[in-house]
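Chemist:
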Amino acid sequence: MTKLLFLDIDETLNNTSRPSFPNEGSSIHQPLDPQNLKALHMILDAVPDAGIVITSVWRKTIDSLEAMRWRLLCEDIPPHRVVGLTPVLASGIRGEEIASWLMLTGGLSVTSYVIIDDSSDAGCGLIDQERFIKVSPTTGLTQDDAKKAIEILLR
């Protein structure tokens, strides 16, 4: 896969406007928001060769790629699309974790990538800011965000 989607989950695929969203911690045991998932599937359908690398705090609970694939399969995300988990670094800065993942994997011949997150630190580090889409935690990933992601991935 040459195109990658670095993806947060909480407040991206499960927004804070939902009554079931936890006040603290992760939504790992909650179903994800159908509208946010629809926007994600819009990206996956438009860019069929894009893989997903999980950057979410879910990596701290689900620490194997195979387990993450099975959890996301419950949300109709095909397991083969989930290609990695970024490392958890002491700094906790997601942009640095993404850069580290790219270095550790040799970039997997990445030709294009996009970062989707509600936290500004995902855009920090050695990452190209133009490839960062900051979503609102209240709405999560929207169709407008998905259109931007598709445009970035297809450049």
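Residues 52 to 206, numbered by the numbering used here, are exactly what the sequence shown covers, in order.
Glycine residues also receive a C-beta, built at the ideal position from the N, C-alpha and C atoms.
Using three-state DSSP, classify Asp84 as helix, strand or coil.
Modeler: For the purposes of this step, residue 84 is taken as residue 33 along the sequence shown, with counting starting at 1. Coil, per DSSP.
Chemist: Could you give the distance in angstroms between the alpha-carbon of Glu202 and the alpha-carbon of Ser142?
Modeler: Your numbering for residue 202 matches position 151 in the sequence shown. Your numbering for residue 142 matches position 91 in the sequence shown. Looking at the two C-alpha atoms, the distance is approximately 31 Å.
Chemist: For a quick check, are the C-beta atoms of Asn66 and Thr162 less than 8 Å apart?
Modeler: Against the sequence shown, residue 66 aligns to sequence position 15. Against the sequence shown, residue 162 aligns to sequence position 111. Not in contact: Asn66 and Thr162 (Cβ atoms no closer than 8 Å).
Chemist: Can you name, in chain order, every residue of its own chain whose Cβ lies under 8 Å from the Cβ of Ser151, other than the five neighbours on each side?
Modeler: Against the sequence shown, residue 151 aligns to sequence position 100. Closer than 8 Å at Cβ, skipping near neighbours: Thr137, Pro138, Leu140.
Chemist: Compute the distance between the beta-carbons of Leu88 and Leu56, then report whether it is under 8 Å.
Modeler: Position 37 of the sequence shown holds residue 88. Position 5 of the sequence shown holds residue 56. For Leu88 and Leu56, no; Cβs fall outside 8 Å.
Chemist: With a CB to CB cut of under 6 Å and the five nearest residues on each side skipped, what residues in its chain are close to Ile113?
Modeler: Taking the first residue of the sequence shown as position 1, residue 113 is located at position 62. Excluding sequence neighbours, Ile113 sits near Met119, Arg122.
Chemist: Does DSSP put Leu56 in a helix, a strand or coil?
Modeler: Within the sequence shown, the letter at position 5 stands for residue 56. Here Leu56 sits in strand by DSSP.
Chemist: From Gln86 to Thr193, what does the alpha carbon distance come to, in whole angstroms?
Modeler: Numbered from 1 along the sequence shown, position 35 holds the residue referred to as residue 86. Numbered from 1 along the sequence shown, position 142 holds the residue referred to as residue 193. When rounded, the distance between both Cα atoms is 7 Å.
Chemist: If I'm right that Asp169 touches Ile144 with Cβ under 8 Å, what's the distance once you round it to whole angstroms?
Modeler: Residue numbering aside, residue 169 sits at position 118 when the sequence shown is read from its first letter. Residue numbering aside, residue 144 sits at position 93 when the sequence shown is read from its first letter. With a Cβ gap of about 15 Å, Asp169 and Ile144 do not count as contacting.
Chemist: For Leu136, does the three-state DSSP call read helix, strand or coil?
Modeler: Numbered from its first residue, the sequence shown carries residue 136 at position 85. The answer is strand: DSSP assigns Leu136 an E or B state.
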